Amino acid sequence: MMTTDMKPEAPQPQKRKKYDVIILGSGPAGLTAAIYTARAKLQTLVISGNLPGGQLMTTSEVENFPGFPNGIFGPELMMNMRQQAERFEATVMDDIVTKIDLKYQPFRILTTDKEFEADAVVVATGASPRKLGLRGEETFGGRGVSYCATCDGPFFKGEDLVVVGGGDSAVEEATFLTKFAKSVQIVHRKDKLRASRILQEKAFD
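The numbering used here numbers the first residue of the sequence shown as 3 and each following residue consecutively.
Structure below.
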């Protein structure tokens, strides 16, 4: 009886889903890009990233976006933009990109458990909160140290609070916190705030 060693067949790689355009980030820039590409009949995928909707999801009120004379809440604005992109058949996926390979076309995009190809990639990953790097900052994260006044403001009702920063976001967050806090102080490394004059007037009036 003759026997032969049979080697198992190598697993076939799963076929990658291919899009015309993959957009990294789902903030205002990413979703605006998705609206334009999807409306142009380009097959579009938006990968939301760490914070679906971007930093506007943590903004209480947006007063400088065209078309909303009385302002609009950040999360509401981002939900509207997402729905508009999806109406033009863009796919919005809540996931995180782990690797990008731009050596050859089509480009390869890997997420936590999926792999995609695209003829074009739009990077609209936006910004993330700047941490101070102080001792104990990580330890007290969520227990007194917060990066989102809109999310955590109600937890600090009646407390004395400090907001670190001097830009628009810091002043807007400080203004929002006055609804809950006993007192709010802004600490900035320079002698003048960088925030727009209208936000400063609103905060300090």
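From the three backbone atoms N, C-alpha and C, an ideal C-beta is built for every residue, glycine too.
As the structure is a prediction and not an experimental result, all values here were calculated from the model.
Selected residue, minimal CA-CA separation from residue i, among the options
i, options, result
"ILE37", "ASN72, LYS19 and ARG89", "ARG89"
"PHE206", "VAL173, ASP193 and LYS181", "VAL173"
"LYS184", "ARG191, ILE74, LYS159 and THR177", "LYS159"
"GLY155", "LEU179, ARG132, GLY144 and ASP170", "LEU179"
"SER198", "LYS19, LEU58, ASN66 and GLN86", "ASN66"
"LEU58", "GLU117, ALA151, LYS192 and ASP162", "ALA151"
"GLY135", "GLU63, SER171, LYS105 and VAL166", "VAL166"
"GLU175", "MET80, MET83 and LYS204", "LYS204"
"HIS190", "ASN72, GLY169, GLN85 and LYS20", "GLY169"
"GLY55", "LYS133, GLY27 and THR100", "GLY27"
"LEU163", "ALA35, VAL186 and PHE182", "VAL186"
"GLN45", "ARG132, VAL123, ARG196 and THR127", "VAL123"
Counterpart residues of residue i in DSSP-defined beta bridges
i, result
"VAL164", "GLN187"
"ILE200", "DSSP output for ILE200 lists no bridge partner at all."
"VAL64", "ILE74"
Residue i in three-state terms, based on DSSP
i, result
"TYR21", "strand"
"THR46", "strand"
"LEU26", "strand"
"GLY32", "helix"
"ASP207", "coil"
"ASP193", "coil"
"PHE178", "helix"
"GLY56", "helix"
"GLN14", "Bear in mind that the predicted position of GLN14 carries a pLDDT of just 42, short of 50, making it too unreliable to give a figure here."
Beta-carbon proximity of residue i to residue j, cut-off 8 Å
i, j, result
"ALA120", "PHE109", "yes"
"ASP96", "SER130", "no"
"VAL48", "GLY32", "yes"
"ILE256", "ASN52", "Lying outside 3 to 207, the shown extent of the chain, residue 256 is not represented and no answer is given."
"VAL94", "GLY76", "no"
"LEU112", "LYS105", "no"
Residue i beta carbon near the ligand SAH (any heavy atom closer than 7 Å)
i, result
"LYS159", "With respect to the ligand SAH, the structure offers nothing, as it holds no ligand at all."
Whole alpha helix (DSSP H) runs in the region 72-160 with 4 or more residues, listed along the chain? 76-89 and 151-154
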